[in-house]
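Chains as they are written, first to last, in this note's numbering: chain A, 1 to 343; chain B, 1 to 343.
From the three backbone atoms N, C-alpha and C, an ideal C-beta is built for every residue, glycine too.
Protein chains: 2
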Amino acid sequence: MNVAVVGVGLIGGSVALAARERAGAHVTGFDPAGIDAPGVVDAVAGSVGEAVADADIVVVAAPVSALPSAVEAALASSSAVVTDVGSTKRTLVETVDHPRFVGGHPLAGAETAGAEHARADLFAGATWYLTPTPRTEGVLYDRLYRFLADLGARPQALDPDTHDTLMAAVSHLPHVLANVLVAQAARALDAEGERLPATGPSFRDATRVAGANPALWEQIYRANRSALGAQIDDLVRRLGEVRGLLDDGDLGAWQAQAARQRGALLEVGLAGRPVREVRVSVPNKPGVVARIALALGRAGINITDMSLAPKADNRTGIIALWVGSADADRAIELVCELGYPAA
Amino acid sequence: MNVAVVGVGLIGGSVALAARERAGAHVTGFDPAGIDAPGVVDAVAGSVGEAVADADIVVVAAPVSALPSAVEAALASSSAVVTDVGSTKRTLVETVDHPRFVGGHPLAGAETAGAEHARADLFAGATWYLTPTPRTEGVLYDRLYRFLADLGARPQALDPDTHDTLMAAVSHLPHVLANVLVAQAARALDAEGERLPATGPSFRDATRVAGANPALWEQIYRANRSALGAQIDDLVRRLGEVRGLLDDGDLGAWQAQAARQRGALLEVGLAGRPVREVRVSVPNKPGVVARIALALGRAGINITDMSLAPKADNRTGIIALWVGSADADRAIELVCELGYPAA
Numbered sequence: 001m002n003v004a005v006v007g008v009g010l011i012g013g014s015v016a017l018a019a020r021e022r023a024g025a026h027v028t029g030f031d032p033a034g035i036d037a038p039g040v041v042d043a044v045a046g047s048v049g050e051a052v053a054d055a056d057i058v059v060v061a062a063p064v065s066a067l068p069s070a071v072e073a074a075l076a077s078s079s080a081v082v083t084d085v086g087s088t089k090r091t092l093v094e095t096v097d098h099p100r101f102v103g104g105h106p107l108a109g110a111e112t113a114g115a116e117h118a119r120a121d122l123f124a125g126a127t128w129y130l131t132p133t134p135r136t137e138g139v140l141y142d143r144l145y146r147f148l149a150d151l152g153a154r155p156q157a158l159d160p161d162t163h164d165t166l167m168a169a170v171s172h173l174p175h176v177l178a179n180v181l182v183a184q185a186a187r188a189l190d191a192e193g194e195r196l197p198a199t200g201p202s203f204r205d206a207t208r209v210a211g212a213n214p215a216l217w218e219q220i221y222r223a224n225r226s227a228l229g230a231q232i233d234d235l236v237r238r239l240g241e242v243r244g245l246l247d248d249g250d251l252g253a254w255q256a257q258a259a260r261q262r263g264a265l266l267e268v269g270l271a272g273r274p275v276r277e278v279r280v281s282v283p284n285k286p287g288v289v290a291r292i293a294l295a296l297g298r299a300g301i302n303i304t305d306m307s308l309a310p311k312a313d314n315r316t317g318i319i320a321l322w323v324g325s326a327d328a329d330r331a332i333e334l335v336c337e338l339g340y341p342a343a
Numbered sequence: 001m002n003v004a005v006v007g008v009g010l011i012g013g014s015v016a017l018a019a020r021e022r023a024g025a026h027v028t029g030f031d032p033a034g035i036d037a038p039g040v041v042d043a044v045a046g047s048v049g050e051a052v053a054d055a056d057i058v059v060v061a062a063p064v065s066a067l068p069s070a071v072e073a074a075l076a077s078s079s080a081v082v083t084d085v086g087s088t089k090r091t092l093v094e095t096v097d098h099p100r101f102v103g104g105h106p107l108a109g110a111e112t113a114g115a116e117h118a119r120a121d122l123f124a125g126a127t128w129y130l131t132p133t134p135r136t137e138g139v140l141y142d143r144l145y146r147f148l149a150d151l152g153a154r155p156q157a158l159d160p161d162t163h164d165t166l167m168a169a170v171s172h173l174p175h176v177l178a179n180v181l182v183a184q185a186a187r188a189l190d191a192e193g194e195r196l197p198a199t200g201p202s203f204r205d206a207t208r209v210a211g212a213n214p215a216l217w218e219q220i221y222r223a224n225r226s227a228l229g230a231q232i233d234d235l236v237r238r239l240g241e242v243r244g245l246l247d248d249g250d251l252g253a254w255q256a257q258a259a260r261q262r263g264a265l266l267e268v269g270l271a272g273r274p275v276r277e278v279r280v281s282v283p284n285k286p287g288v289v290a291r292i293a294l295a296l297g298r299a300g301i302n303i304t305d306m307s308l309a310p311k312a313d314n315r316t317g318i319i320a321l322w323v324g325s326a327d328a329d330r331a332i333e334l335v336c337e338l339g340y341p342a343a
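Here you go:
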């Protein structure tokens, strides 16, 4: 199988490595800025057209703003199924509207850049959304689906609108609120000449992603402005309801409902049984996830879910693992023994 | 020195223990529900009046709704300086308005209950806000200030309005938003028949406190409804600005500003030099903070700040430490060696 990767950064490079190692594919890569990570691809092409000419599958991992033209070029020069890895889907899918194009979005590695961080296991266990339309050719969708499963991902079909609404609700809106909260607290503290008190972690947790990667997030917000705007409007409406509750509502019942909802979302929603989140601090390099997964596997501990979040320095990251509540303490012990701090 | 503690739960019990161990005080306690933690106080009284009769200092650690009457009773039956530990200040200070009453709020232990978890080091390094008014008697304020410093806390004077605004901005508003975010995500997912995707940790972080301790937070929201309402209004206004930015604003500049603001708030704001947050998972019992502080101290690592956050199960907790950026990796190593997972 021939795979072409257009845009060889963290995601494109990891697709290339995983395609070669896990799917036995021959990978041709093209990157307008050149590919400075030796050994990531089998062959380097000089243009999109050259890269995709013989491809069965084309993965376009270009920046959001360059996606439409790169996808169109890939479709024009090949007979392959073409997909992308952008974090919003509706606008692109409407713009391209082609039977050989299937929008895609892997939930992994969004915060890091650079093919030098690429690794074959980046997508292990990660949800990879696909947004087929009624025009999508079934045999090509099937080819893409099986390829992504071979990479270790869990492909999941979703219509583009739903995808963008979900991402707005669970990712883009928390990022917006983190920014707004720091601006507001900075103003409140500044007005009073006060420093941030060493209060509990709620503010730190809620603002951890404030200001994350401006170049990337500018594009994500913009590309998803319709769904994100709707989520902001919904939030404003809900805040109006909270204003009413503050005057004479049942705040205790409201608080208790939130506890139930979060529990349902994060526990049963993910696994069908009570799970606990374990966070591990790791160096951002190949093999770490595998070491951890092997150690837990040997101890008979099942990893229900896992998410990777590189830190701002790009050299380290956090792995969040979800394991059965009864296994969590043992899992922390095992991971700590490997030398990775966990809690 | 005679200290009376009215309401002997986690905070009151910890004040009692610290007063005896660190300030050499004789402590009389009264709790309407009885005191079931033997050894926390020197003497158990049968009423507020009996507890405070000979007191130099009275600490009222009753629930928010019971504060005004308990404080009034303590003032009526003693000549002591009387303080409270409630998490909002304006309403109580206006209601009581007495030269011997000084509102107080220690930033520690808010999430736990029960004298059985009390510990003498609960306030070590914790900010303890005090809200004197122009009517406050200076000699009594000084007596209270020195007592709190003896407990290990860092007392800091603030006017009641400023206190409530700060708490609304950095604590109560993040709690409100956590609740609203889970409700909104639950709705979005439910409408689409989807489960929460295993995306990055932004949603989990932003909603970690959703639904925390309904009985307690109902009272906190209600007591601070004026300042919290103003912060919600300000947030809604800011969200309107974000709506405008989504259409044609400079989202990159906005994102970059948020990064600078968070950095200023959490790093330089706390310490005057770059610090890093280290999180340690610990059992919720005496001596843990001391062990960690000693280990870091022996290694010459200065703890710039520290905050304790018990987990929902009340048996374990998170200690967030702030240390110089250059010392952070070494600090994590040392704490991990003590057997406490850290990252």
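Are there 16 or more other CB atoms within 10 angstroms of the CB of residue i, so buried, or fewer, so exposed?
i	result
A/Pro-106	buried
A/Pro-160	buried
A/Ser-79	exposed
A/Asn-302	exposed
A/Arg-237	exposed
B/Gly-7	buried
B/Val-268	Reliability fails at B/Val-268, whose pLDDT of 45 lies under 50, so the model's placement of it is uncertain and no value is given.
B/Asp-142	exposed
B/Thr-136	buried
A/Gly-43	In the sequence as displayed, the identity of residue 43 of chain A is Ala instead of Gly. That one is exposed.
B/Gly-46	exposed
A/Gly-272	Annotation note: pLDDT 44 at A/Gly-272 (below 50); position unreliable, coordinate value reported separately. When all chains shown are included, A/Gly-272 counts as exposed.
B/Pro-341	buried
A/Ala-51	buried
B/Arg-119	buried
Quick one: is residue i near chain A, going by C-beta distance under 8 Å?
i	result
B/Arg-330	no
B/Asp-327	no
B/Ala-221	In the sequence as presented, Ala is not what sits at residue 221 of chain B; that position holds Tyr. Yes, because at least one Cβ of chain A sits closer than 8 Å to the Cβ of B/Tyr-221.
B/Trp-128	no
B/Ser-69	no
B/Ala-215	yes
B/Asn-179	yes
Looking at the C-beta of residue i, does it have a partner C-beta in chain B at a distance below 8 Å?
i	result
A/Pro-132	no
A/Asp-31	no
A/Ile-319	no
A/Ser-171	yes
A/Ala-66	no
A/Leu-189	yes
A/Glu-116	no
A/Leu-296	no
A/Asp-164	no
A/His-26	no
A/Gly-211	yes
Kindly indicate which residue of the options has the alpha-carbon position closest to the one of residue i.
i	options	result
A/Val-58	A/Ser-281, A/Val-3, A/Ile-319 and A/Val-282	A/Val-3
A/Gln-261	B/Leu-235, B/Ala-188 and B/Leu-296	B/Ala-188
B/Ala-23	B/Met-1, B/Ala-33, B/Ile-11 and B/Gly-12	B/Met-1
A/Asp-234	A/Ala-223, A/Val-323 and A/Ala-169	A/Ala-169
A/Gly-297	A/Ala-331, A/Ile-319 and A/Leu-67	A/Ala-331
A/Ala-153	A/Pro-174, A/Gly-125, A/Leu-144 and A/Asn-224	A/Gly-125
B/Ala-108	B/Gly-12, B/Arg-90 and B/Ala-258	B/Gly-12
A/Ala-18	A/Ala-33, A/Gly-39 and A/Gly-34	A/Gly-39
A/Leu-151	A/Asp-121, A/Trp-322, A/Asn-179 and A/Ser-226	A/Asp-121
A/Ala-178	B/His-98, B/Val-139 and B/Ala-259	B/Ala-259
B/Ala-16	B/Ile-35, B/Ala-33, B/Val-41 and B/Gly-34	B/Val-41
B/Ile-319	B/Gly-300, B/Gly-9, B/Arg-100 and B/Val-278	B/Val-278
A/Ala-157	A/Thr-95, A/Thr-127 and A/Ser-171	A/Thr-127
What residues in its chain sit with their C-beta under 6 Å from that of residue i, if we drop five residues either side in the sequence?
i	result
A/Glu-116	Ala-37
A/Arg-222	none
B/Val-288	Val-282
Starting from the C-beta of residue i, find all residues in its chain whose C-beta is less than 7 Å away, skip the five residues before and the five after it, and write them out in chain order.
i	result
B/Leu-338	Arg-291, Ile-292 and Ala-295
B/Val-48	Val-6, Phe-30, Ala-70, Ala-73, Ala-74 and Ser-77
A/Leu-251	Leu-245
B/Ala-343	Arg-279 and Ile-332
Suppose the cutoff is 8 Å on Cβ atoms and the five residues either side in sequence are ignored; what does the same chain contact list for residue i look like?
i	result
A/Ser-65	Gln-219
* Asked: Does the segment 149-168 of chain B come within contact of the segment 126-135 of chain A, defined as at least 3 CB pairs closer than 8 Å?
  -> no
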